[in-house]
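A.B. asks: Below you will find the structure I want to go over with you.
Number of protein chains: 2
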Amino acid sequence: VPDLNKPVAKAAVIGLGSMGYGMAVSLVRAGFEVAGYDVRPEITVRFAAERGAGTVTRAASAAEAAANAEIIIVVVVNADQTSAVLLGEGGALHAARPGAVVVSCATMAPERSRALAREVAAHGLLFLDAPISGGAVKAREGALTVLASGPEAAFAKAAPALDAMAATLYRLGDEPGTGSSFKIVNQLLAGVHIAAACEAIALAKRLGLDLAKVYEVIKSSAGNSWMFENRVPHILEGDYTPRSAVSIFTKDLGIVADISRAENFPVPVSSAALQLFLMTAAAGMGRDDDASVVRLFARIAGLDLPEQKA
Amino acid sequence: VPDLNKPVAKAAVIGLGSMGYGMAVSLVRAGFEVAGYDVRPEITVRFAAERGAGTVTRAASAAEAAANAEIIIVVVVNADQTSAVLLGEGGALHAARPGAVVVSCATMAPERSRALAREVAAHGLLFLDAPISGGAVKAREGALTVLASGPEAAFAKAAPALDAMAATLYRLGDEPGTGSSFKIVNQLLAGVHIAAACEAIALAKRLGLDLAKVYEVIKSSAGNSWMFENRVPHILEGDYTPRSAVSIFTKDLGIVADISRAENFPVPVSSAALQLFLMTAAAGMGRDDDASVVRLFARIAGLDLPEQKA
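So the protein lines, in turn, are chains G and E. Take any residue in the first sequence, note its place counting from 1, add 211, and you have its number in this note's numbering. Take any residue in the second sequence, note its place counting from 1, add 211, and you have its number in this note's numbering.
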C-alpha cells in the first residue's frame with residue numbers, strides 16, 4: 212500500500228514492449244506515477260487504456276514522458292533505439308530535468324553504453340548502465356535481475372525504481388559499460404545453450420529416441436543447462452509462441468560478434484550458434500520462440516517433431 | 212556388512228582406469244569377489260596391491276578375469292578397446308561362462324554397441340548397453356548414473372552390480388544402442404557447454420571483467436549450465452589437474468561427428484566445440500583438465516588467467 216503522505220515519485224518508461232510494459236506495471240504497483248511512451252503510437256494508447264489514466268500518463272513523445280520524471284527508464288531494443296529516444300527528435304534529453312537519472316536497459320555493446328553515458332552527463336543527468344534479465348513474466352512481477360554499473364549517485368537516484376522492478380540487483384562497478392559486458396557474456400552462453408539444446412534434441416530425434424525421456428535424463432545429467440531445462444518443454448509441447456524470439460538472439464549474438472571482432476577475439480562456438488539463429492530467421496521464424504532452431508533442423512532433415520495439441 | 216551366509220557374487224572389471232577402479236571398489240564394498248584386469252600390467256598390479264588379495268584377484272588377461280564371473284563389466288575408453296578385450300587375443304568371451312552378462316560402459320556409437328551385442332549373444336552371454344556418467348569420485352562412492360538399455364534378462368542378471376555402482380539407473384529400453392544414443396546426446400551438450408564456458412570466460416577476461424564476479428552472476432542467471440557451474444571454479448583456481456581430460460571430449464565429440472556424418476545430419480555447434488578441444492589438444496593440453504580450453508584462448512590472446520596458489 213503506497214504511503215499517501217509521501218510525495219509521489221515520478222518515472223518515465225520509454226519503450227512499452229513486453230518488458231517495458233511489465234516494468235511500468237511494477238512501478239505503478241509500487242506507487243510511482245508513470246508516464247509511458249513507445250514509438251509505436253498504438254502501443255502507447257493500449258498501455259494507457261489498460262492501466263487507467265489515474266496512474267499512467269500517455270505521453271506523445273519521449274521528451275514529454277521524461278519532462279517531469281526523476282527516473283527515466285529506457286527499455287527499447289538496442290543501442291540505436293536508445294540513442295534515438297534520448298537524443299533524436301522529441302528525445303528525452305531535450306526535456307528531462309537536470310539531476311534525473313537515465314536507466315538504460317537495452318542489451319548493447321559496452322562501448323555504446325559508455326558513449327551514451329557521456330551524452331547523458333553532458334545534459335546534466337545521471338546514467339545507469341542497467342541491462343535486465345528474466346523475461347516478461349518477471350518484469351510484471353517486479354522480479355527481474357538487473358546487471359547494473361554506474362556511479363553511486365546514479366544508483367541512489369534510481370534505487371526506488373530498481374526496488375520496484377528487480378528481485379536481484381547486481382552492482383557491478385562504478386563505470387558504465389560493465390553492466391553491458393556482463394549481460395553480453397550471459398547472452399553468449401544463453402544463445403549457445405539454446406542452439407545446442409535444439410541441435411541435441413534434433414539429433415536425438417534422428418537417432419529415434421523418446422524426446423520426453425531425453426528431457427528427463429539430460430535434466431538430471433551433466434549435459435543440463437538453464438536454457439535446456441527451460442526451452443525443451445516448448446519443443447515437447449510443440450508450442451513456439453514467442454516467450455523470447457529468435458530475433459533477440461540474432462541481435463544479441465550479433466553484438467557478441469561485433470564486440471569480439473572489434474577486440475580481435477575469436478568466438479567460434481557462439482559464431483556457430485549465431486549462424487543457426489540466422490538460418491532460423493531466414494527460414495521465416497524470426498518472430499517465433501527461440502526454440503524454433505529445432506524446427507530448422509526438422510525442416511532440413513524431415514524430422515517429425517511434436518505438434519501442439521489443439 | 213556383507214551377509215556371510217550368502218554365496219559370494221563374482222564380477223570382473225576390465226579396465227582399471229579412474230572409473231573402473233572406483234567401480235571395482237564399490238563392488239568390493241558391496242560384497243562382490245572382483246577379478247580385475249587392465250591392458251596396462253602396472254595398473255592391474257597396483258590395483259590388486261591396494262585392494263588386498265582377499266577380495267580382488269589380479270588377472271593376467273581379460274579371459275582370466277571373466278572366467279568365473281557372472282557379471283563382466285567392461286569400462287575401457289572406446290568401442291575398439293571394448294571389442295579388443297572381449298574378442299581379441301586373451302579376450303573375455305573366449306573364457307566367459309554362458310549366461311553371464313557383459314555390461315558395456317564405454318561411450319561409443321550406438322551401431323558399435325549393437326554390433327557388440329550380437330557378438331556377445333553369439334557366445335551365449337547377455338549384453339547390457341550401459342554407458343556411465345558421474346566421474347571418478349562418484350564411481351568410488353557407488354553413485355554413478357547409468358544410461359542402460361538391453362533385454363530384461365540382462366538387467367536382471369546385472370542388477371546386483373548396478374545397485375552397487377549406481378545412484379541412478381535409467382532403463383531406456385530393450386534394445387542395445389539406446390543407452391549409447393542417450394550418452395552421446397548428453398556428451399554433445401556437455402562438450403558444447405564446457406567449450407562455451409571457456410569462450411565466455413575468456414571474452415569476459417578480455418573485456419576486463421572480474422571473473423569471480425562473472426561466475427557469481429552467471430551461476431544465478433539464464434546463462435548457467437551444469438558444466439559452467441562445475442568447471443569455471445577450476446579456472447578461477449588455476450587448477451587444470453584432470454578431473455576429466457580434454458582427450459575425453461576430442462573422443463566423445465568425435466563420436467558425435469562420426470554419427471552425425473553417417474546420418475547426414477548437421478551439428479554445427481558441437482562441431483565448433485570439437486575444433487576447440489582439438490586445438491587445445493594440439494597445443495599440448497590433451498591430458499589436462501577439459502577447462503583447459505580457456506588456456507587455449509589465453510595463449511592466443513595473451514590473457515592473464517588466475518594461476519594456481521602454491
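C-beta atoms are modelled at their ideal positions from N, C-alpha and C, and glycine is treated no differently. Since this is a predicted model, take the numbers as computed values, not measurements.
Residue 475 of chain G: buried (16+ other C-beta within 10 angstroms of its C-beta) or exposed?
C.D. replies: Burial call: exposed.
A.B. asks: Closer than 8 Å, Cβ to any Cβ of chain G: which residues of the stretch 489-503 of chain E, in chain order?
C.D. replies: Cβ contacts with chain G: none found.
A.B. asks: What does residue 230 of chain G reach in chain E if we use C-beta pairs closer than 8 Å?
C.D. replies: Near residue 230 of chain G there are no residues of chain E at all, since even the closest Cβ is about 14 Å away, more than 8 Å.
A.B. asks: For the putative contact between residue 391 of chain E and residue 490 of chain E, defined by C-beta atoms under 8 Å, what is the C-beta separation to the nearest angstrom?
C.D. replies: The Cβ separation is near 27 Å, so there is no contact.
A.B. asks: For the stretch 438-455 of chain G, list every residue whose C-beta sits within 8 Å of some C-beta in chain E, in sequence order.
C.D. replies: Residues passing the 8 Å Cβ filter: 438, 439, 441.
A.B. asks: Using a C-beta cutoff of 7 Å, does residue 417 of chain G count as contacting chain E?
C.D. replies: True, the Cβ-Cβ gap to chain E drops below 7 Å.
A.B. asks: Under 8 Å Cβ to Cβ from residue 467 of chain E, same chain only, skipping five residues before and after it: list those, please.
C.D. replies: Once the five neighbours on either side are set aside, the close Cβ partners of residue 467 of chain E are 395, 398, 399, 402, 478, 481, 485.
A.B. asks: I want to verify the contact list: residues of chain G whose CB lies under 7 Å from the CB of residue 361 of chain E, in sequence order.
C.D. replies: Within 7 Å Cβ-Cβ: nothing; residue 361 of chain E doesn't reach chain G, min ~16 Å.
A.B. asks: Using C-beta distances below 8 Å, list every residue in its chain close to residue 497 of chain G, excluding the 5 sequence neighbours before and after it, in chain order.
C.D. replies: These residues qualify, in order along the chain: 456, 457, 458, 461, 491.
A.B. asks: How big is the Cα-Cα spacing for residue 388 of chain G and residue 429 of chain G?
C.D. replies: C-alpha separation (whole angstroms): 36 Å.
A.B. asks: Between residue 264 of chain G and residue 443 of chain E, what straight-line distance do the alpha-carbon atoms span, to the nearest angstrom?
C.D. replies: For residue 264 of chain G, the predicted structure reports a pLDDT of 49, less than 50, and the residue's modelled location is therefore unreliable. The matter cannot be settled from this model.
A.B. asks: Residues of chain G with a CB under 8 Å from the CB of residue 519 of chain E: which are they?
C.D. replies: Neighbours of residue 519 of chain E on chain G: none; closest Cβ ~24 Å, over 8 Å.
A.B. asks: Among E:302, E:517, E:309, E:291, which one has its Cα closest to the Cα of residue 449 of chain E?
C.D. replies: For the residues E:302, E:517, E:309, E:291, the minimum Cα distance to residue 449 of chain E belongs to E:517.
A.B. asks: Is it true that the CB of residue 221 of chain E sits closer than 7 Å to the CB of residue 253 of chain E?
C.D. replies: Result no, Cβ atoms of residue 253 of chain E and residue 221 of chain E do not sit closer than 7 Å.
A.B. asks: Counting only Cβ-Cβ distances shorter than 9 Å, please list the residues of the stretch 458-489 of chain E near chain G, keeping chain order.
C.D. replies: Cβ contacts with chain G: 467, 470, 471, 474, 475, 476, 477, 478, 479, 480, 481, 482, 483, 484, 486, 487.
A.B. asks: From the DSSP output, in three-state form, read off residue 476 of chain G for me.
C.D. replies: Reduced to three states, the DSSP call for residue 476 of chain G is coil.
A.B. asks: So, are the CB atoms of residue 500 of chain E and residue 472 of chain E less than 7 Å apart?
C.D. replies: Not closer than 7 Å, so no.
A.B. asks: With distance defined between alpha-carbon atoms, name the residue in G:379, G:375, G:242, G:409 nearest to residue 434 of chain G.
C.D. replies: Nearest C-alpha to residue 434 of chain G: G:409.
A.B. asks: Does the stretch 368-380 of chain G come into contact with the stretch 350-366 of chain E, if we say contact requires no fewer than three beta-carbon pairs (one atom in each stretch) closer than 8 Å?
C.D. replies: No, the stretch 368-380 of chain G does not touch the stretch 350-366 of chain E.
A.B. asks: DSSP three-state label for residue 433 of chain G, please.
C.D. replies: DSSP places residue 433 of chain G in coil when its eight states are reduced to three.
A.B. asks: How many Å lie between residue 383 of chain G and residue 219 of chain G at the Cα?
C.D. replies: Between residue 383 of chain G and residue 219 of chain G, the C-alpha separation is close to 29 Å.
A.B. asks: Helix, strand or coil, according to DSSP, for residue 338 of chain E in the structure here?
C.D. replies: It is a strand residue.
A.B. asks: Could you check the C-alpha separation between residue 464 of chain G and residue 483 of chain E for me, to the nearest Å?
C.D. replies: Their backbone Cα atoms lie some 15 Å apart in a straight line.
A.B. asks: Going by DSSP in three states, residue 454 of chain G sits in which element: helix, strand or coil?
C.D. replies: If DSSP states are grouped into helix, strand and coil, residue 454 of chain G belongs with coil.
A.B. asks: Let's see if you can read the secondary structure: which residues bound the alpha helix (DSSP H) around residue 323 of chain G?
C.D. replies: Note, residue 323 of chain G: alpha helix (DSSP H), 321-333.
A.B. asks: Closest to residue 324 of chain E by CA distance: which of E:271, E:379, E:293 is it?
C.D. replies: For the residues E:271, E:379, E:293, the minimum Cα distance to residue 324 of chain E belongs to E:293.
A.B. asks: Can you tell me where the alpha helix (DSSP H) with residue 363 of chain E in it begins and where it stops?
C.D. replies: Residues 363-376.
A.B. asks: CA-CA distance, residue 373 of chain G and residue 431 of chain E?
C.D. replies: Cα-Cα distance, rounded: 18 Å.
A.B. asks: Starting from the C-beta of residue 426 of chain G, find all residues in its chain whose C-beta is less than 7 Å away, skip the five residues before and the five after it, and write them out in chain order.
C.D. replies: The residues are 443, 447.
A.B. asks: For residue 221 of chain E, return the contacting residues in chain G, with the cut-off set at a CB-CB distance below 9 Å.
C.D. replies: Ordered by position in chain G, no residue passes the 9 Å Cβ test against residue 221 of chain E, which lies about 31 Å from the chain.
A.B. asks: Given a threshold of 16 other Cβ atoms within 10 Å of its Cβ, counted over all protein chains shown, does residue 493 of chain G qualify as buried or as exposed?
C.D. replies: Burial call: exposed.
A.B. asks: Please state whether the Cβ-Cβ distance between residue 278 of chain E and residue 301 of chain E is less than 7 Å.
C.D. replies: It is not a contact, given that the beta carbons lie outside the stated cut-off.
A.B. asks: Taking DSSP as the reference, what is the three-state secondary structure of residue 386 of chain E?
C.D. replies: If DSSP states are grouped into helix, strand and coil, residue 386 of chain E belongs with coil.
A.B. asks: Throw me the rounded Cβ distance for the residue 317 of chain E and residue 348 of chain E pair, which I believe falls under 8 Å.
C.D. replies: Actually they do not touch by this definition, with Cβ atoms about 19 Å apart.
A.B. asks: If we define contact as Cβ-Cβ less than 7 Å, is residue 393 of chain G a contact residue for chain E?
C.D. replies: Residue 393 of chain G counts as touching chain E.
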